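*Asks:* First the structure, then my questions, so here it is.
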Amino acid sequence: MANVTIIGGGVAGMAAAGVLNKRGHDVTIMEKEMQLGGHVGKWYKVFPDIVDASEIVDELKADLNGVEVKTGTAVESVTKSGGKFRVKGKDADAVLISTGFEPFDATLKEEYGYGIYDNVINSLELDEMLKKGELKTKDGKTPKSVGLVHCVGSRDEKVDNNYCSRVCCTNAIKSGIEIREHYPGTNVFCFYMDVRAYGRGYEELYRKSQEEFGVSFIRSRLSESNEQADKSLLLRVEDSLAGKPMKISVDLLVLMVGMCPSVHAGSLKDSLGLETGDDKFFTTKNKHSKNNESNVKGVFYAGTATGPKSIVEAITDGRAAAAEIHSYIG
Amino acid sequence: MKGEGKARVWERHQKAVPTADDPGGKEWGFVRSCFLQAASPYTEGIGCKVMENDLGMDLHEAAGHTSCGAIAFHGDTTTLQANMVVAARNFSIAHYDLGIDNFFAYCVTSFGNYTEIIELWEHEPELREYTERTLEETTGRKFWMPKVSGGRPSVVHASDVIYANIKKIAKKAKYSLDGIKATDHLGCHYAKIFPDESIGGGEFPQLLAGMIEAYGGEIVDYPERRHCCGMGFRQCAFPENRGYTAACVYKKMKSLKKTDPDCKLIITNCPGCGVFLDAEQGTIAQVMGEKFDVHIVDYAQLAGLMLGYDPFKDCGFNVKVVPIEPLLDKIGIEYDKSKTPEERRRPFGPE
Amino acid sequence: MGELYAELSKEIEFSHGMHACMDCGTCTALCAASEFYDYSPREVMDIVQSQDDDKIRELISSNKIWYCGQCLSCKPRCPRGNNPGAVILALRRLSIKTGYFAESEKGRQQLLAKRKFGDNMLNRGYTLLPTDPAPVRFPELGEDWEYYHKHMKEMRQWWGVPMDLENSPGSARIIPKKDMQELRAIYKATGAVDLMDKIEEGMAKKLGGKEEVDEFWKVWQDTSDTKNYKIKGCEKK
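Protein sequences appear in the order of chains A, B and C. Counting from 106, one number per residue, gives the positions in the first sequence under this note's numbering. Counting from 714, one number per residue, gives the positions in the second sequence under this note's numbering. Counting from 649, one number per residue, gives the positions in the third sequence under this note's numbering.
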């Protein structure tokens, strides 16, 4: 039996806590928000089977009987002495960092007008609207057309994020389906460079979105959005498959924002001497068979702290990390 | 449009430009613009008048300064290497012959060209070495790097200088843009090549919008605001290509009219834009039968008008295609109404 | 990698402008030339990226590379940090150096660019002279501009920007001899004169001699349209 402190109570951290708890360890989760569940806990329905996100979080919570949960507790630093760690006044034999991600700040893509134009929102805000059943433009009307922009803050040298954020394409597909299902009078246009829907059931969802729901896909990265007099957006794109530059109007523009490392990652990195990659996520010992180990003995990683992942990958990663920690302690 | 969003963008992209009241901010060297000299000579005239008379600046220019050659560069008749050495020569003369440290260019293409060259020198030492060596071999002159903005290698544009002093100018102004709508049009080579060298960045630049605001005007945005005016170097220079220029202007004018038909004023900072946004309205009227009557006023002319200089003799509006009188009336600027429009524009008799 | 691509790779504008294009279309979406011409910066990047000499030769022999207005709106937006406008400059240099520019109508306009911008620099130290925006060439500048052209010197005086001053700063001044000598020396040493010579040579080769090139220039000066010059030995062009 050993003390394990988990920094970050999102799905990866919760999954790891569940496994370690079952193995009989003393587990403490430190979570900066006032509740567990991380981002997933706030979401509406998730792909590929379009289930309630809250069900996933509830399931993971069920395994946490006996786990010490400290919410409203942000961890800025961890000290190491001997083979042990000290996290916010508590001793631990091993530390799991599952600090997750922050959504990309879309105000950095100034040419898209987020934070400036009335009807430009990001994917999280869209999810909130759909959860409330209120898909509306700023002046309270149901949009007749919605544009979903892939790769916002991802694959983009201009904002210094050269990586792909893994889930935004499938998320866009799913959101497209949700909008078309509940607002059949609303047209949906996805502006993409590549449709990266790789995961069990994702490609099928892509097909479904086109076949059953009539979501339109235009192969173009969004170059610029401009506000028109009626507050709708005029988009400049190039349909690169047809080889035609075009302008298209949408009432509501949704930016599928990518994942960035959590704000707290920086201070944890400094206090423990952890390594990060060019993409600023934590670096694991190797990307194949040691993907939960950090460069510091006894410090492990799980979830999107080491790079963009889908929910199933984060949960699986959490459980894998727990198994690694269990071996390490034993 | 959310003001806080724009303000946040402006905060992110600021550029230090010495004002006339800063220590050392009174002495400036400058180079002229081929395009202005040829197609709108009055701009440098009113620009210098405002800087010298109203801001108390001492402006220095060398007889031996030449064009930066960027129009030839973008017109593919000169090399990057030539432009680097010519730039170095102009800088060297400014510092060693004129004894100045602050330096601005009247031309936006020059600004883009000099900024690009400075960037190359900073990031590629072999290019800097080549320039120093060639400058020495061909002219015997010593290399000097201008560091105008915040002590880092940089030059600024004349409109940067006017903007840096805008509070002072607005305070001295006899007139204002109260109740008048205006939109901005930044030269592509000012805002787009190095957005971080543009005050306010490349997407929602503050430079001209800030001037409009300072004079009390209402800023208008429209979908084609960022669209190039179409000057296009070889596109405007040769009549057989100029349909491109006219098409760009037409696109912008249509979009502005559709978005806000009451906005009849565009403020510019680039020589080419200032000429073609005005002149091509004439082509469009003739070919398409559509009149837009949008006044094109550059930052120097605008400062001149606000400060009470003569719209025709000082600001050069006598040779613009779109008649300026309706704007003067709106602002309340006095001009000789006893003369005919032709008489106001032709000081040497009717022919 | 073919010879043409190898030559292209040597241009600084190319190495700075080309970093692997992923065909996202961001550049073409806002390119002014794409709106009005059968042109696409994305297509240009693709062709160059293919490193296929035949495709590159076809490209630099066509009107395509001359449509770009050099606004560089493409540069701040490319997610790979490419600069199609700079790649265009490199392609144009290659086109001139190899002579292929003379195969296209817009390419042949380089003679006009050289005799205007280039020669102006060497003769007067400016790319444009006050006489260049002449009413016959720029009718849209209007009747008041025509009046200005007739009264150029006195109107510039009136505006406070007198021209042709000697040994003095000023607008459109006569740049002193020594400074012009320095400028010409620079243009010689840095390959600019060579580039200009290549334009004249390429035109002479295509049109059939220097006299033909001068005739081409004269036709443009008289009619403002190079299409009025018919290349000898060709039915259409």
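Beta carbons: idealized from backbone N, C-alpha and C, even for Gly. None of these values were measured; they are calculated from a predicted model.
#1: Do you know how far the Cα of E343 of chain A is from the Cα of K349 of chain A?
#2: Identify, in the order they occur along the chain, each residue of the same chain with its Cβ nearer than 7 Å to the Cβ of P775 of chain C, setting aside the five sequence neighbours on each side.
#3: Under the rule that 16 or more other beta-carbon atoms within 10 Å means buried, what is F1061 of chain B, buried or exposed?
#4: Measuring alpha carbon to alpha carbon, tell me which residue in B:A729, B:M797, B:Y903 and B:F1005 is nearest Y835 of chain C.
#5: Does the separation of the CB atoms of G718 of chain B and D827 of chain C fall below 9 Å?
#6: Are the beta-carbon atoms of C961 of chain B and C983 of chain B separated by less than 9 Å?
#7: Taking C-beta pairs closer than 8 Å, name the residues in chain C that E1047 of chain B reaches, listed in chain order.
#8: Closer than 8 Å, Cβ to Cβ, to anything on chain D: give me those residues from the segment 667-690 of chain C, in chain order.
#9: What runs of the alpha helix (DSSP H), each 4 residues or longer, lie entirely inside the segment 812-891 of chain B?
#10: How about A818 of chain B and Y827 of chain B: do their beta carbons lie closer than 9 Å?
#11: Quick check: is the beta carbon of K967 of chain B nearer than 9 Å to any beta carbon in chain A?
#12: Spell out the partners DSSP gives V192 of chain A in its beta bridges.
#13: For E215 of chain A, which residues from the same chain have a beta carbon less than 6 Å from its beta carbon, with the 5 sequence-adjacent residues on both sides left out?
#14: Keeping to the same chain, check which residues put their C-beta closer than 8 Å to that of K798 of chain C; ignore five residues upstream and five downstream.
#15: If I measure Cβ to Cβ from Y755 of chain B and keep anything under 7 Å in the same chain, skipping five residues before and after, which residues do I get?
#16: Mind pulling the chain C residues with CB within less than 7 Å of M298 of chain A?
#17: Can you say whether M924 of chain B is buried or exposed, counting buried as having 16 or more other CB atoms within 10 angstroms of its CB?
#18: Determine the direct distance from the alpha carbon of K715 of chain B to that of Y222 of chain A, and round the result to whole angstroms.
#19: Is T790 of chain B near Q805 of chain C, with beta carbons less than 9 Å apart?
#20: Is the beta carbon of N224 of chain A closer than 9 Å to that of K336 of chain A?
#21: Please return the same chain residues whose Cβ sits closer than 8 Å to the Cβ of R1059 of chain B, not counting the five positions on each side in sequence.
#22: Would you call the segment 1032-1040 of chain B and the segment 699-710 of chain C touching, i.e. three or more CB-CB distances under 8 Å?
#23: DSSP has L675 of chain B in a bridge; who is on the other side?
#24: Keeping to the same chain, check which residues put their C-beta closer than 6 Å to that of M135 of chain A; ignore five residues upstream and five downstream.
#25: Rounding to the nearest angstrom, what Cα-Cα distance links G742 of chain B and F816 of chain B in this structure?
#26: Can you find a C-beta in chain B that's less than 9 Å from the C-beta of R224 of chain A?
#27: May I ask you to report which of helix, strand or coil DSSP gives L899 of chain B?
#28: What separation, rounded to the nearest whole angstrom, lies between the Cα atoms of Y876 of chain B and L920 of chain B?
#29: Which same chain residues, not among the five before or five after L1015 of chain B, have their C-beta less than 8 Å away from its C-beta?
#30: To be precise: take each residue of the segment 341-374 of chain A, compare its Cβ to all Cβ atoms of chain C, and keep it if any distance is under 7 Å. Which residues remain?
#31: Using a Cβ-Cβ distance cut-off of 9 Å, determine whether Q757 of chain C contacts chain B.
#32: Let me see if you follow: with CB-CB separation under 9 Å, is C269 of chain A close to chain C or not?
#33: Do you know how far the Cα of I847 of chain C is from the Cα of E863 of chain C?
#34: Let me know the secondary structure DSSP gives I221 of chain A once reduced to three states.
#35: If you draw a straight line from the C-alpha of N730 of chain C to the C-alpha of Y795 of chain C, how long is it?
#36: Between which two residues does the beta strand (DSSP E) holding Y809 of chain B run?
*Replies:* By the coordinates alone:
#1: Straight-line Cα distance between these residues: approximately 6 Å.
#2: Looking at the sequence shown, residue 775 of chain C is not Pro but Thr. Result list for T775 of chain C: F765, N768 and M769, in chain order.
#3: Result: exposed.
#4: Among B:A729, B:M797, B:Y903 and B:F1005, the Cα nearest to that of Y835 of chain C is on B:M797.
#5: Cβ atoms of G718 of chain B and D827 of chain C: not closer than 9 Å.
#6: Going by C-beta atoms, C961 of chain B is not nearer than 9 Å to C983 of chain B.
#7: Simply none; closest approach about 19 Å.
#8: Absence of chain D from the displayed structure is noted, the protein chains being A, B and C.
#9: List check, alpha helix (DSSP H) in window: 821-836, 838-852, 871-877 and 879-885.
#10: A Cβ-Cβ contact shorter than 9 Å links A818 of chain B with Y827 of chain B.
#11: Not an interface residue.
#12: The partner list for V192 of chain A (beta bridge, DSSP) reads A:K195.
#13: Within the same chain, E215 of chain A has no close Cβ partners at all.
#14: Same-chain partners within the cutoff: there are none.
#15: Excluding positions up to five away in sequence, the list reads C1028 and G1029.
#16: Under the 7 Å cutoff, chain C gives M670 and C672.
#17: Result: buried.
#18: The alpha-carbon atoms of Y222 of chain A and K715 of chain B are separated by roughly 6 Å.
#19: Their beta carbons are not under 9 Å apart, which means T790 of chain B does not touch Q805 of chain C by this criterion.
#20: Going by C-beta atoms, K336 of chain A is nearer than 9 Å to N224 of chain A.
#21: Same-chain partners within the cutoff: N1031.
#22: Verdict: no, contact absent.
#23: A query on residue 675 of chain B cannot be resolved here, the shown segment of chain B reaching from 714 to 1064 and no further.
#24: If you ignore the 5 residues before and after M135 of chain A, its C-beta comes within less than 6 Å of the C-beta of I112, K175, T178 and V180, all in its own chain and listed in chain order.
#25: When rounded, the distance between both Cα atoms is 5 Å.
#26: Residue identity check: residue 224 of chain A is Asn in the sequence provided, not Arg. For N224 of chain A, the answer is no, since every Cβ of chain B falls outside 9 Å of its Cβ.
#27: L899 of chain B falls in the coil class under three-state DSSP.
#28: Between Y876 of chain B and L920 of chain B, the alpha-carbon positions lie close to 6 Å from each other.
#29: Within the same chain, M924, Y928 and I980 come within 8 Å of L1015 of chain B by CB-CB distance, once the 5 residues on both sides are set aside.
#30: Close to chain C, meaning a Cβ-Cβ distance shorter than 7 Å, are the following residues of the segment 341-374 of chain A: R341, V342, E343, S345, G348 and P350.
#31: The C-beta of Q757 of chain C comes closer than 9 Å to at least one C-beta of chain B.
#32: Not an interface residue.
#33: E863 of chain C and I847 of chain C: Cα-Cα distance of roughly 15 Å.
#34: Here I221 of chain A sits in coil by DSSP.
#35: The C-alpha of Y795 of chain C is placed about 46 Å away from the C-alpha of N730 of chain C.
#36: Here Y809 of chain B belongs to no beta strand (DSSP E), and DSSP marks it neither H nor E.
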